[in-house]
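Residue numbers (our numbering), protein chains in the order written: chain A, 5 to 385; chain B, -4 to 77; chain C, 489 to 620. Step one of this worksheet: look at the structure below.
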Amino acid sequence: MNNSIVITGIGVVSPLGVGMEMLWSNLLQSKTSLQYFADLDAAGYRNAYACRVTDFDAPPVYRGAWMALDATRQAITQSQIQLPENAGVFLGSTLGESMAYEMAAEGADLNPEDYNTYSLANTIAKAYSLSGPIQALSTACTAGNYAVGAAMASLQRGDIAVAIAGAAEPFSRIAMVGFTRSRAMATDGCKPFDANRNGMVLGEGAAIFILERKKDALQRGAEILAEVYSLGLSCDAYHPTSPHPDGRGLTRAMNTALESVRVNAGDIDWVNIHGSGTKVSDAAEALALKNVFEKNMPLLSGSKGAIGHALGAASALELAICVKGIVTQTIPPTPGFTIRDPDIDLDCTTEPIQKEIRFAINNASAFGGLNASLLLGSCTS
Amino acid sequence: MQEYDIIQQLRLELSIVKPQIANEIKDTDSFRDDWGLDSLELVEFVARIEQTFKILIPDKDLQEFYSLNATAAYLHSKMIAV
Amino acid sequence: MMICHVHIGEKLEKEALPGIAETIEMEFGKPSNPDAIGLYIVSNHIGTNSSIAFWKDVIQHGPAFANPELFPWTLANSACGYIARHFGITGPNYTYICPPENPECINEVVKQAETDRENLGMEEVWIIIIHI
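The following block contains the structure:
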């Protein structure tokens, strides 16, 4: 109990809506935010399809910071918490303000280090006059899970009483060109685990959480949304961009998350898959799921068909979906999944499913062979 | 440009992507099966071809880039078409 | 807990990493049990040189013809991934972005590494601070 860590606030800026309620409502209707963007086409991009937040204005070079600040404000409001001065900030991002690096290459007189992941985290700390620890994690597409795991560890050590944790990733032209030229992008939507999947779709956004010790949350009468149990991490150490094809890294990450808090694989009700929609990544994740769950496969859903792949923010946005699912005891559908792939031999949800969710896992994998599995659940469990 | 000249240029591009194989690879050798060119190296090789030959290669045509001979034949056919 | 300081300078990450791995190997040796090692990279700069070089290639050739070679190196964690592959290290793999001269930031990394050592049974934790 003393070491139980809970989430009491969520803030979201996503391509399917600013605010958790709008994202959730659109997701339950299996909507996708995939759009054709004329500006990308006009600039000569081979792929002009993406999931961008079209109803959020910010100065281009501060887009990530503004998204993070908006999500932080939402999370604090929901949590109704009075932030102590020593609250910690734990933020993940892949590239930080990608625009600054692009401008530096174009000859602008700026220092990109003033716009990196640390600067994003520092912006939040300054906005709320916080003097607590700052951790900025650039662990690519696993960064959201890492940041929440780091916040959990800091709270459990007793370093802080409240953590602002999550991730932010503004739309990145570097990533748009990089993934397209790496032939990893789909133009007809991300289709997690689907037989016809042919790549990822780039997204953007931010998701921020308020974390605190369960006893503190109960004492101040806060509404507890979910409990965070553990984070399992591993590295494939196999290839710069491809996962190990037998899924060993993600297997270890999920098993570590389960074993460190002595939860059985059979007790997991739901896994939000990484499901990037690429052939090799989804195949490796499917093998990892089979390694861990064998014949007790939990329900699987994926969100990147709806909101795209927001890189560093992806696992934070999907954690927000997990938390909302736990609160409403509802597993959302998987936009993009329609045809079972015989090679994967696993199904994803195709409509909202009401069910008791005691434990859920949020999976994330990244370039560099990183794997991060966050185990969370309903606080009554 | 004849196919022989194209192959010489391709060897030059390959020597940048994977220096250890450029001198030894035979024209008919498979990039992947005989020399272990992975997907990342292949897309880099194709990108260099696109930049050098000023040709846009769609994703669906990547499967035709399995050897120097096959790549040269593909590029030669595109040049004739132009 | 082992700490190693290295520099990247103006080199591209893919050019600098082999030398950085060599330095680490000289200081730490080869790990006897790479599955039980946690890796912690600290840098305020890693990924920057490749990001700028990659975008310069995009400017020169256009987005449709840019070479993706440097793209994986634009990601800050590409260095930690390289070092993990070099030594076969499969434990937790962190990339912290923070000024290496900031003692509070380094202290946070040390605490996380210690937590992982205790909770996950890591036999060694390697903290590698990459200066510009």
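Think of the CB as a built atom: it goes at the ideal place given N, C-alpha and C, for glycine as much as any other residue. No experiment lies behind these values; they were computed from the predicted model shown.
Considering only residues of the segment 521 to 587 of chain C, which uninterrupted alpha helix (DSSP H) runs meet the minimum length of 4 residues and lie entirely inside it, listed in chain order?
-> 536 to 549, 559 to 562 and 566 to 575
Anyone know if the C-beta pair for residue 94/A and residue 131/A falls short of 8 Å?
-> Reading the first sequence from its first residue, position 90 is the one you call residue 94/A. Reading the first sequence from its first residue, position 127 is the one you call residue 131/A. In this structure, residue 131/A does not lie closer than 8 Å to residue 94/A by Cβ.
Beta carbon proximity, residue 589/C to chain B, threshold 8 Å | As a position in the third sequence, residue 589/C is number 101, starting the count at 1. With 8 Å as the cut-off, residue 589/C does not count as an interface residue toward chain B.
Closest by C-alpha distance to residue 328/A, when choosing among 63/A, 52/A and 82/A | On the first sequence, residue 328/A is found 324 positions in, with the first residue counted as 1. The option with the nearest alpha carbon to residue 328/A is 82/A.
Whose CA, out of 118/A, 216/A, 242/A and 243/A, lies closest to the CA of residue 231/A?
-> Here residue 231/A corresponds to residue number 227 of the first sequence, with the count starting at 1. Cα-wise, what sits closest to residue 231/A is 216/A.
What did DSSP end up calling residue 41/B once you bin it into helix, strand or coil?
-> Against the second sequence, residue 41/B aligns to sequence position 46. DSSP places residue 41/B in helix when its eight states are reduced to three.
DSSP bridge partner residues for residue 366/A (one or two, in chain order) = Stepping through the first sequence from its first residue, residue 366/A is reached at position 362. Partner(s): 276/A and 378/A.
Could you check where the beta strand (DSSP E) with residue 12/A kicks off and where it finishes?
-> Working through the first sequence from its first residue, we reach residue 12/A at position 8. Element bounds for residue 12/A: 9 to 18.
Could you tell me whether the Cβ of residue 43/B comes closer than 8 Å to any Cβ of chain C?
-> Numbered from 1 along the second sequence, position 48 holds the residue referred to as residue 43/B. By this cut-off, residue 43/B is an interface position.
Kindly indicate if chain B contains any beta-carbon less than 8 Å away from that of residue 567/C.
-> Translated into positions along the third sequence, residue 567/C becomes position 79. For residue 567/C, no Cβ of chain B is located within less than 8 Å of the residue's own Cβ.
Could you say which of 14/A, 96/A and 163/A lies nearest to residue 229/A if we only look at CA atoms?
-> Position 225 of the first sequence, counting from 1, holds the residue named residue 229/A. Closest option to residue 229/A, Cα to Cα, is 14/A.
Indicate whether the contact test is met: 3 or more Cβ pairs, each with one atom in the segment 346 to 362 of chain A and one in the segment 248 to 262 of chain A, closer than 8 Å.
-> no
Leaving out five residues on either side along the sequence, give the residues of the same chain with a beta carbon under 7 Å from the beta carbon of residue 326/A.
-> In the first sequence, the residue the question calls residue 326/A occupies position 322. Exclusion of the five residues before and after residue 326/A leaves 276, 364, 366 and 380 as the residues of its chain whose Cβ lies within less than 7 Å of its Cβ.
is_contact[residue 34/B, chain A] using C-beta, thresh 8 Å = For the purposes of this step, residue 34/B is taken as residue 39 along the second sequence, with counting starting at 1. Yes, contact with chain A.
Are the segment 562 to 569 of chain C and the segment 44 to 52 of chain B in contact at 8 Å, needing three or more beta carbon pairs?
-> no
Along chain B, which residues have their Cβ under 9 Å away from the Cβ of residue 553/C?
-> Position 65 of the third sequence, counting from 1, holds the residue named residue 553/C. In chain order: 42, 45, 46, 49 and 51.
List the residues of chain B whose Cβ lies closer than 7 Å to the Cβ of residue 313/A, in chain order.
-> Sequence index remark: in the first sequence, residue 313/A carries index 309 (1-based). Result: empty, since nearest Cβ-Cβ is about 18 Å, beyond 7 Å.
Excluding the five sequence neighbours on either side, which residues of its own chain have a C-beta within less than 6 Å of the C-beta of residue 278/A, listed in chain order?
-> To locate residue 278/A, count along the first sequence from 1; it is residue 274. 289, 367, 368 and 369, listed in sequence order.
Near-chain B residues of the segment 181 to 203 of chain A - C-beta to any C-beta below 7 Å | Taking 7 Å as the Cβ-Cβ cut-off against chain B, the residues of the segment 181 to 203 of chain A that qualify are 185, 186 and 187.
What are the start and end residues of the alpha helix (DSSP H) that includes residue 89/A?
-> Your numbering for residue 89/A matches position 85 in the first sequence. No alpha helix (DSSP H) contains residue 89/A, which DSSP labels as neither H nor E.
Could you have a look at residue 170/A and say whether DSSP puts it in helix, strand or coil?
-> Counting from 1 along the first sequence, the entry for residue 170/A is found at position 166. Of the three classes helix, strand and coil, the one that applies to residue 170/A here is strand, per DSSP.
Nearest neighbour of residue 538/C, chosen from 112/A, 252/A, 178/A and 350/A [CA to CA] | By one-based count along the third sequence, residue 538/C stands at place 50. Comparing Cα-Cα distances from residue 538/C to each of 112/A, 252/A, 178/A and 350/A, the minimum goes to 178/A.
Residue 78/B classed as buried or exposed, judged by whether at least 16 other C-beta atoms fall within 10 angstroms | Within the shown structure, residues of chain B are numbered from -4 to 77, placing residue 78/B beyond reach of any answer.
Taking residue 226/A as part of the alpha helix (DSSP H), name the residues at either end of that continuous run.
-> As a first step, residue 226/A is located in the first sequence; it is residue number 222 there, counting from the start. Per DSSP, residue 226/A belongs to no alpha helix (DSSP H) and is neither H nor E.
Shortest alpha-carbon distance to residue 43/B belongs to which of 528/C, 536/C, 498/C and 552/C?
-> As a position in the second sequence, residue 43/B is number 48, starting the count at 1. Taking only the C-alpha atoms, the option nearest residue 43/B is 552/C.
Is it right to say residue 343/A is buried, meaning 16 or more other beta carbons lie within 10 angstroms of its own, or is it exposed?
-> By one-based count along the first sequence, residue 343/A stands at place 339. Residue 343/A is exposed by the Cβ-count criterion.
Proximity to residue 4/A [Cα-Cα], best of 211/A, 203/A and 163/A | Outside the shown range of chain A, which is 5 to 385, sits residue 4/A, and nothing can be said about it.
In the DSSP assignment, find the unbroken alpha helix (DSSP H) run with residue 593/C in it and report its ends.
-> Counting from one through the third sequence, the residue named residue 593/C turns up at place 105. Start and end: 591 to 608.
For residue 11/B, is the classification buried or exposed, using 16 other Cβ atoms within 10 angstroms of its Cβ as the cut-off for buried?
-> Against the second sequence, residue 11/B aligns to sequence position 16. Taking a 10 Å sphere around the C-beta of residue 11/B, we find fewer than 16 other C-beta atoms and assign the residue as exposed.
Which residues mark the beginning and the end of the beta strand (DSSP E) in which residue 216/A is found?
-> For the purposes of this step, residue 216/A is taken as residue 212 along the first sequence, with counting starting at 1. Its beta strand (DSSP E) spans residues 209 to 217.
Under 8 Å from the C-beta of residue 28/B: neighbouring residues of chain A = Position 33 of the second sequence holds residue 28/B. Those do not exist, as residue 28/B stays about 16 Å from chain A at its closest Cβ, beyond 8 Å.
Can you pull the chain A residues whose beta carbon is under 9 Å from the beta carbon of residue 511/C, in chain order?
-> In the third sequence, counting from the first residue as 1, residue 511/C sits at position 23. Simply none; closest approach about 19 Å.
Counting only the same chain and skipping the five closest in sequence on each side, list residues whose C-beta sits under 7 Å from that of residue 36/B.
-> Taking the first residue of the second sequence as position 1, residue 36/B is located at position 41. The beta carbon of residue 36/B lies closer than 7 Å to those of 12 and 13 in the same chain, with the five residues before and after it left out.
Using a Cβ cut-off of 8 Å (strictly closer), state whether residue 8/B contacts chain C.
-> On the second sequence, position 13 is the one that residue 8/B refers to. It does not: the Cβ of residue 8/B has no partner Cβ on chain C nearer than 8 Å.
Nearest chain C C-beta to residue 39/B closer than 8 Å, yes or no?
-> As a working mapping, residue 39/B is identified with position 44 in the second sequence. Closer than 8 Å to some Cβ of chain C, the Cβ of residue 39/B qualifies, so yes.
Compile a chain-ordered list of the residues in the segment 102 to 121 of chain A whose CB is closer than 7 Å to at least one CB of chain C.
-> Listed by position along the chain: 105, 106, 108, 109, 110, 116, 117, 120 and 121.
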